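Read through the structure below, which is laid out as structure tokens, and then see the notes.
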Amino acid sequence: KDLENYIKQLEEAKKRDHRKLGRELDLFSFHDESPAIPFFHPKGMIIYNELIRYWKEEHAQEGYLEIRTPIILRDQLWKQSGHYDHYKDHMYFTKIDEVQFAIRPMNCPGSTLVYRSAQRSYRDLPLKLAELGLVHRHELSGVLHGLFRVKAFTIDDTHIFCYGDQIEQEIASVIRLILRMYRTFGFSDIAISLSTRPKESMGSDEIWGKAIQGLEAALKHNKIDYDINEGGGAFYGPKIDFEVTDSIGRQWQCGTIQLDFMMPERFELEYVGQDGKMHRPVMVHRAVFGSVERFYGVLVEHYGGAFPLWLAPVQTLIATISEKQEEGAKAIHQKLQAAGIRSEPDLRSEKINYKVREAELQKIPYIAVVGAKELEAGTVSVRAHGGKDLGSLQIDSFIRQLKEEIATKR
């Protein structure tokens with residue numbers, strides 16, 4: 002029985018392979034001219050931009066402030082941060098005017114420079130600096146796999162600068178945000194683990210102990226069950242990892258929360274406390290998607306390419322029965338576009354069944370058929386992806402339904 006289920010899951014996974022669906026749905030491609038770095042196509046960019054838009058909305062509501070920092074920084078900075086000693090095999094270096102620079106593999110040092118650019122007071126904290134930062138990492142070609150392991154990707158990095166008493170509350174609010182965002186994508190089974198000090202790390206046992214205690218307190222305060230992942234932390238601090246289970250039961254590690262006492266020390270970050278003296282802030286690194294590209298790949302497989310309406314590159318196909326409906330179909334298409342719906346007309350002189358079958362293969366959520374009867378009545382005959390017939394709908398009422406489904410991200 003277990004073997005049967007395993008074989009079934011393998012077959013299902015093959016059908017859902019994001020590399021195969023990426024080609025079939027014209028979302029992205031890979032080319033030898035830039036190995037292991039994705040090229041996103043117009044339809045693929047729509048999904049990408051919708052993910053980013055949702056991320057920005059959620060983060061703005063939570064009081065995050067967006068920043069943007071350079072992707073090329075002097076190697077001196079990476080020596081100061083500790084990346085040079087612990088991570089340089091994964092980094093790309095380049096010389097500009099005889100000065101050695103590195104292409105960033107992580108976004109955190111840039112964030113510390115923004116923090117340091119002004120004097121901070123305890124009243125400014127927590128300061129939540131959010132960045133959708135492009136990073137490059139040198140990976141061995143054997144470990145690369147579509148969007149799941151690429152050499153360049155965007156981390157939805159946020160760095161929260163706070164003081165001791167705020168740690169628990171801040172981590173608790175990040176946990177709530179991550180879980181809320183995952184539920185939007187239909188991930189309800191989420192495994193959480195606490196990753197402790199790895200062999201390759203920096204800092205004293207005392208600092209590590211303090212950081213692990215801080216994360217444990219936040220998890221316990223939220224009554225969250227978690228496993229311990231011995232030695233799975235980052236080189237500069239322990240972390241909480243979030244693993245989502247997709248629609249066919251596979252687990253994917255996505256979000257993380259890391260508590261870091263080290264980076265503020267190395268960059269001499271300070272704030273003026275209530276006592277008028279200078280104090281060292283604590284830094285929380287956190288990501289919801291982790292790698293946006295990897296999360297994107299997970300979603301392609303989780304949905305099997307049939308994206309929910311709000312993410313779908315083409316939300317509605319307007320298909321004519323004959324060329325007599327061409328002008329009417331164009332008018333309906335324009336009306337949908339004006340309402341903010343991603344519509345596409347299919348005015349070819351093909352049979353309607355052929356158009357419907359093609360739209361099914363492209364996994365378009367709704368097909369609105371326009372024939373002579375519909376044109377006269379000011380309606381469309383609507384079919385949902387998967388063949389469910391929704392009958393004849395007035396165009397305005399169809400638009401209302403679409404807008405509501407998009408707004409609620411069902």
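Just so you know, we're using our numbering here: the sequence shown kicks off at 2 and counts up by one.
The beta-carbon is built from N, C-alpha and C at its ideal position, and this holds for glycine as well.
These figures come from a predicted structure and were not determined experimentally.
- Could you tell me how far apart the beta carbons of ASP261 and MET279 are, in whole angstroms, since I believe they sit closer than 8 angstroms? Their Cβ separation, rounded to whole angstroms, is 19 angstroms, which puts ASP261 and MET279 out of contact at 8 angstroms.
- Just the C-alpha distance for LEU130 and ARG281, rounded to the nearest angstrom, thanks. The alpha-carbon atoms of LEU130 and ARG281 are separated by roughly 17 angstroms.
- What are the start and end residues of each continuous alpha helix (DSSP H) run of 4 or more residues lying completely inside the region 140–226, in chain order? Runs of the alpha helix (DSSP H) lying entirely within the region 140–226, each at least 4 residues long, are 168–185, 206–222 in chain order.
- Message: Among GLN101, ASP226, ARG105, LEU74, whose alpha-carbon lies nearest the alpha-carbon of TYR88?
- Response: Looking at the Cα atoms, ARG105 is the closest of the given residues.
- Message: Let me check one thing: in DSSP terms, what residues is LYS9 bridge-paired to?
- Response: For LYS9, which the question treats as bridged, DSSP gives no partner whatsoever.
- Task: Report the residue from HIS42, ASP206, HIS160, SER196 whose alpha carbon sits nearest the alpha carbon of LEU216.
- Result: Closest option to LEU216, judged by alpha-carbon separation, among HIS42, ASP206, HIS160, SER196: SER196.
- Can you check whether the CB of GLY341 is closer than 9 angstroms to the CB of LYS404? It is a contact, given that the beta carbons lie within the stated cut-off.
- Item | Start and end residues, alpha helix (DSSP H) containing SER82 | Start and end: 76–82.
- Task: Would you identify the three-state DSSP class for LEU52, choosing helix, strand or coil?
- Result: Three-state result, LEU52: helix.
- Task: Using a threshold of 9 angstroms, state whether the C-beta atoms of GLY256 and VAL289 are closer than that.
- Result: In this structure, VAL289 lies closer than 9 angstroms to GLY256 by Cβ.
- Task: Let me know the alpha helix (DSSP H) ranges lying completely inside the region 232–268, each 4 residues or longer, listed in chain order.
- Result: The region 232–268 contains these whole alpha helix (DSSP H) runs: 263–267.
- Message: For the alpha helix (DSSP H) containing TYR304, name the first residue and the last one.
- Response: Segment 293–304, the alpha helix (DSSP H) holding TYR304.
- Item | Cα-Cα separation between ARG75 and PHE162, rounded to whole angstroms | Distance between the alpha carbons of ARG75 and PHE162: 23 angstroms.
- Message: Out of ILE179, ASN223, PRO314, which one is the CA nearest neighbour of GLN170?
- Response: Nearest of ILE179, ASN223, PRO314 to GLN170, Cα basis: ASN223.
- Where do the N-terminal and C-terminal ends of the beta strand (DSSP E) with PHE102 fall, by residue? Under the DSSP assignment, PHE102 falls in the beta strand (DSSP E) whose first and last residues are 100–104.
- Message: Check for me: the beta strand (DSSP E) holding ASN230 runs from which residue to which?
- Response: Where ASN230 is concerned, the enclosing beta strand (DSSP E) stretches over 228–230.
- HIS419 lies in the beta strand (DSSP E); which residues open and close that run? Outside the shown range of the chain, which is 2 to 411, sits residue 419, and nothing can be said about it.
- Message: Taking the alpha carbon of ILE68 as the reference point, which residue from ILE353, GLU132, LYS240 has its own alpha carbon closest?
- Response: In terms of CA proximity to ILE68, GLU132 leads the group ILE353, GLU132, LYS240.
- Message: Between the alpha carbons of ASP242 and THR159, how many angstroms are there, rounded?
- Response: Counting only the Cα atoms, THR159 lies some 15 angstroms from ASP242.
- Item | Min CB distance LYS374 to chain C below 9 angstroms | In the displayed structure, chain C is absent; only one protein chain is listed.
- Name the two residues that bound the continuous beta strand (DSSP E) containing PHE94. Its beta strand (DSSP E) spans residues 93–97.
- Would you check if there are 3 or more beta carbon pairs closer than 8 angstroms linking the region 40–57 to the region 322–335? Verdict: no, contact absent.
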